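J.:
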Amino acid sequence: MQAMHGIQPFEQVMILIVLATAFVALGYAYWLARQTFAAEKGSEAMQRIWGYIRTGANTYLRTQLRTIAILIVILTIAMFLSVALVKPTGEANELFCPAAVEAAYAEAIAANSSADLAAIELALQTNTPTQVALANGFTTFVPERVAGAVECSTAVTGVAFGRAIAFALGATFSATVGFIGMNMAVQGNVRVAAAARQSFKRALTIAYRSGTITGMLTDGLGLLGGTLIFIVYGKAAPDVLLGFGFGGTLLALFMRVGGGIYTKAADVGADLVGKVEAGMEEDDPRNAAVIADLVGDNVGDCAGMAADIFESYEVTIVSSLILGLALTAITGQLFWIVLPLLVRGIGVVSSIVGTYAVSLWRVDDAEEAMYKSYEISSAITIISTFLLAVFYAGAQESDFLMHLSLGSLVSVGVALAVAFNPLTAMATSANSPRVQKIAKATVFGPALVILEGLSLGYLSSVVSILVIVAAIGASVLVYSVTFPANLYAPVFAAGVILSVLAIGNAIRKKDLVTGIFQALWIMVIALFLISMRDVGVENRFVYTLFGVSLIGVGMLSHTGNNVSMDTFGPISDNANGIGELAGEDFTPEARQIMADLDAAGNTTKAITKGIAIGSAVIAAVSLFGAFFIDIERVLPAERIADFERSINLADPTVFIGLLIGGALPLLFGSLLIKAVNRAASDIMAEVRRQLRIPAIMKGEQTPDYAQAVAISTKAAQSELIPLGLIAILSPIVVGLLLKEQALGGFLAGVILSGQLLAVFMANTGGAWDNAKKYVEDGHFGGKGSENHKASVVG
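In this text, residue positions in the sequence shown follow the working numbering: the first is 862, and each later residue adds one.
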């Protein structure tokens, strides 16, 4: 295949193995789906409630897809026409018009007969900008510029179709992940409720594996799309990969925004009228908004979150390939492009092993089972990546430890994902003293509940920023400082000794898995120190940004686990709701099982929100680096140096871009909250109207659940197109009016403001929610008390 020209046969085989791994992930998802469908669905009453939820969820998604279909078609055409503005790169011309590019190289050599022809030929072989001695002094011969200047209509057509198809593919895959994933979550919830009457382990297995279907779809389709594009376009893949990432990003925006409006409007409407005004229990069948509330869990926390993480999964692959191509141009080595795909393939395998292991642990704690399985996946990924760094990347150098940093940076990404577990739990778990402090504030009324939650949310944003800064700083450090070679052996030996001691201590405490994981992190720290090598000032920028993209690849290498843990939340919550609404005669043990799974789901759902936000920031930073690389392909040669020097806050236009970018997430937040407020008001009015019907209040008549579902569905679509257009047009307008320097400032502002606001909103909401559940568990007056009403307001 012409696109794979220049890639070694061994690397071609490895890429095909990665492609096969994507199909393995999809096959595993299919196998899990078969198992879910085979499980018992429970009684007729349970299936009736389940039918309401399923109908509401499917109606919402179909309505949403119809709403955005026209915009998707328009943007697909725009991606096709974008080739008129962003021309094909030299790699694309070389792929589609190899003879014309060779002729251009020959002409360039002939035109420089007085130059150092050997240097020019070396530049062509390595595709590296090279200093050559011309008669009038030194200049730079850039093969990419020569190839990029070739007129190749075939490349224009190929790239145009590639971008359009990649965009449509990214949007389709993102919609597929959300739609199928949400449907499988809905299929799982009634079966979990039925399984709770059998055993804790059976209910946990069905709940987690139903969520794993969504996780493996995210893994499989994300890896499939990126790998297929690379196989078809080879080194020219970055020309079309951004279309793939953009398609996934756009659908993620719509599904996250729409799902968020739906779920919060239904939640607010159901709780404020049902619990505060009418004094009802959670999931009381007389509450007309209770089905909309359960549907909202699926469309927001399942479909929306899955599409969100899928977007970050795509974007980190896109940015790592773009930056990897830049390093390939510098070093002449192709492993910079191939390795991120291999790490993703390893991540799929490790996720399959980890997610399957959840049902094997002999524990009665769902969270512990999921965390232990996450540790197994992490260990597989870290060990395998270090082996790749040494025996694949290192084997191409005289020093096999030369690229040990690749394993180190992927491990930093894995560590970042792991770190968000305790950090998010600290801010959102009902077992956290900080959340319990919010619950305690209910004694003094809702005002102090709000203030305590705001304080905790702001603090969690700062902590999250510091963790992300440390991760990005690791990439800076590993390529800026050289660790003394004479300390390699002592540091490695110290790591081994401390690891053995950690395992010995774990054996004494009868917790071998934790000991092995602790030993692994000790060795990662030792290997990180050994991997530190200064690459020089000239290329440090590109190396560091590639390192950040690898951190993102590592952070999302366990996407299967992450999405499984997130989807577990709405599945277990819906199962608990179905049990309450169906009025089944569950034993106390069965009800406790559902309550325990629901509590675990609240925690895992909050944790994966933290991972999703953190990964989005890392992905945005790496794409910010790709922006620097790609902008140089678009600008005229004489403006490149000016651009590299001009992302400077002292420049008023850059500062303007920064301010506009920083304000954009706040505008989004304002519009979203306004939409939620409007919808919640309508739902509350509808619930109040129905509760005034005596037969409904006495439980003699079933409420019209469809009305609240219809209100939420309509409200969720109201802001989609305006918000989508703001997201698409704002960077274009900034770039056109204020030029590329200001656009760089704009992107930086969006990243910082978006991270702070997203963590604040997610953790504040999670803290208020779990403080409410802590009160409902019998603390500070319990259900129905004035303190409980204060917690519901939060």
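Don't be surprised by glycine CBs; every beta carbon is placed ideally from N, CA and C. Given the structure is predicted, the values throughout are model-derived calculations rather than measurements.
Less than 8 Å separating the beta-carbons of Phe1107 and Glu1236?
T.: Contact: no.
J.: Run the CB neighbour count on Ser943, radius 10 Å, all protein chains shown included, and call it buried at 16 or more, exposed below.
T.: Buried, by the Cβ-count rule.
J.: Once the 5 residues before and after Glu1637 are set aside, which same chain residues still bring their CB inside 6 Å of it?
T.: Lys1644, listed in sequence order.
J.: Taking C-beta to C-beta, are Thr1079 and Thr1420 nearer than 8 Å?
T.: Result yes, Cβ atoms of Thr1079 and Thr1420 sit closer than 8 Å.
J.: Quick check: what's the CA-CA separation for Ile868 versus Leu1195?
T.: Looking at the two C-alpha atoms, the distance is approximately 7 Å.
J.: Buried or exposed: which applies to Ser1322, given that a residue is buried once 16 or more other Cβ atoms fall within 10 Å of its Cβ?
T.: Buried, since its Cβ has 16 or more Cβ neighbours within 10 Å.
J.: If we count the other Cβ atoms within 10 Å of its Cβ and call it buried at 16 or more, is Ala1559 buried or exposed?
T.: One point to set straight first is that residue 1559 is Lys, not Ala, in the sequence displayed. Classification for Lys1559: exposed.
J.: Using only alpha-carbon positions, find the residue among Phe1105, Lys1096 and Tyr1174 that is nearest to Gly1185.
T.: The option with the nearest alpha carbon to Gly1185 is Lys1096.
J.: Measuring alpha carbon to alpha carbon, tell me which of Phe1447, Ala1546 and Ile1517 ends up nearest Ala1054.
T.: Ranking the options by Cα distance to Ala1054, first place goes to Phe1447.
J.: Of the choices Leu1584, Pro1513 and Ile1474, whose alpha-carbon is the least far from that of Ser1614?
T.: Of the candidates Leu1584, Pro1513 and Ile1474, the one whose C-alpha sits nearest the C-alpha of Ser1614 is Ile1474.
J.: Consult DSSP for Lys1634 and reduce its assignment to one of helix, strand or coil.
T.: Helix.
J.: Kindly indicate which three-state DSSP category Thr1015 falls into: helix, strand or coil?
T.: Correct three-state label for Thr1015: helix.
J.: What does the Cβ neighbour count give for Pro1283, buried or exposed, with the cut at 16 atoms within 10 Å?
T.: Exposed: under 16 other Cβ atoms inside 10 Å.
J.: Would you check if the segment 1051–1066 and the segment 1424–1439 touch, i.e. whether three or more CB-CB distances between them fall below 8 Å?
T.: Because the criterion of three Cβ pairs below 8 Å is met, the segment 1424–1439 and the segment 1051–1066 touch.
J.: Within the segment 1343–1395, note down every full alpha helix (DSSP H) run reaching 4 residues or more, in order along the chain.
T.: As far as the segment 1343–1395 is concerned, its whole alpha helix (DSSP H) runs of at least 4 residues are 1349–1369 and 1373–1392.
J.: Give the range of the alpha helix (DSSP H) segment to which Ser1341 is assigned.
T.: Premise fails: Ser1341 is in no alpha helix (DSSP H) and is neither H nor E.
J.: Taking Cβ to Cβ, would you say Thr1428 is nearer than 8 Å to Ala1167?
T.: Yes, the Cβ-Cβ distance between Thr1428 and Ala1167 is below 8 Å.
J.: Alpha carbon to alpha carbon, what distance is there between Met1426 and Lys1466?
T.: Rounded to whole angstroms, Lys1466 to Met1426 spans 7 Å at the Cα level.
J.: Starting from the C-beta of Val1233, find all residues in its chain whose C-beta is less than 7 Å away, skip the five residues before and the five after it, and write them out in chain order.
T.: For clarity, residue 1233 is Lys in the given sequence; the question names Val instead. Counting only Cβ-Cβ distances below 7 Å, and skipping sequence neighbours, we find Trp1222 and Val1374.
J.: Return the residue from the list Asn1400, Met1231, Val1595 and Phe1607 that minimises the CA-CA distance to Arg1070.
T.: The option with the nearest alpha carbon to Arg1070 is Met1231.
J.: Do Asp1158 and Pro1431 come within 8 Å of each other at the CB atom, strictly closer than that value?
T.: It is a contact, given that the beta carbons lie within the stated cut-off.
J.: Return the first residue and the last residue of the alpha helix (DSSP H) that Phe1252 is part of.
T.: Neither: Phe1252 is in no alpha helix (DSSP H) and is coded neither H nor E.
J.: Taking the beta carbon of Lys1371 as the centre, do at least 16 other beta carbons fall within 10 Å, making it buried, or is it exposed?
T.: Exposed is the call here.
J.: Should Ile1207 go down as buried or exposed, given a rule of 16 or more other Cβ atoms within 10 Å for buried?
T.: By the neighbour-count rule (16 or more Cβ atoms within 10 Å), Ile1207 is buried.
J.: What does the alpha-carbon distance come out to for the pair Ile931 and Ile1333?
T.: Their Cα atoms are separated by approximately 39 Å.
J.: Leaving out five residues on either side along the sequence, give the residues of the same chain with a beta carbon under 6 Å from the beta carbon of Ser1180.
T.: The residues are Ser1410, Ser1483, Leu1484 and Ala1487.
J.: Can you tell me which of Arg1147, Val1210, Tyr1123 and Val1020 puts its alpha carbon nearest to the alpha carbon of Ile878?
T.: Measuring from the Cα of Ile878, the nearest candidate turns out to be Val1210.
J.: Look up Leu1510 in the DSSP assignment and say whether it is helix, strand or coil.
T.: Residue state, collapsed to three classes: coil.
J.: Identify whether Trp892 lies in helix, strand or coil by the three-state DSSP scheme.
T.: Helix at Trp892.
J.: Please report the residue range of the alpha helix (DSSP H) in which Ser1425 lies.
T.: Run containing Ser1425: Thr1420 to Ala1443, per the alpha helix (DSSP H) assignment.
J.: Under the three-state reduction of DSSP, which class applies to Trp1629: helix, strand or coil?
T.: In the structure shown, Trp1629 sits in a helix (DSSP, three-state: H, G or I).
J.: Evaluate Val1271 with the Cβ neighbour count: other Cβ atoms within 10 Å of its Cβ, from every protein chain shown; 16 or more gives buried, anything less gives exposed.
T.: Buried: at least 16 other Cβ atoms inside 10 Å.
J.: Rounded to the nearest angstrom, how far is the Cβ of Ala1651 from that of Pro1146, given a contact under 8 Å?
T.: About 25 Å; that fails the 8 Å criterion.
J.: Is Ser1591 near Leu1525, with beta carbons less than 8 Å apart?
T.: In this structure, Leu1525 lies closer than 8 Å to Ser1591 by Cβ.
J.: Can you tell me which of the three DSSP states Arg1295 falls into?
T.: In the structure shown, Arg1295 sits in a helix (DSSP, three-state: H, G or I).
J.: Just to confirm, does Phe1407 get its C-beta within under 7 Å of one of the non-hydrogen atoms of the ligand PLP?
T.: No copy of the ligand PLP occurs in the structure displayed, which carries no ligand at all.
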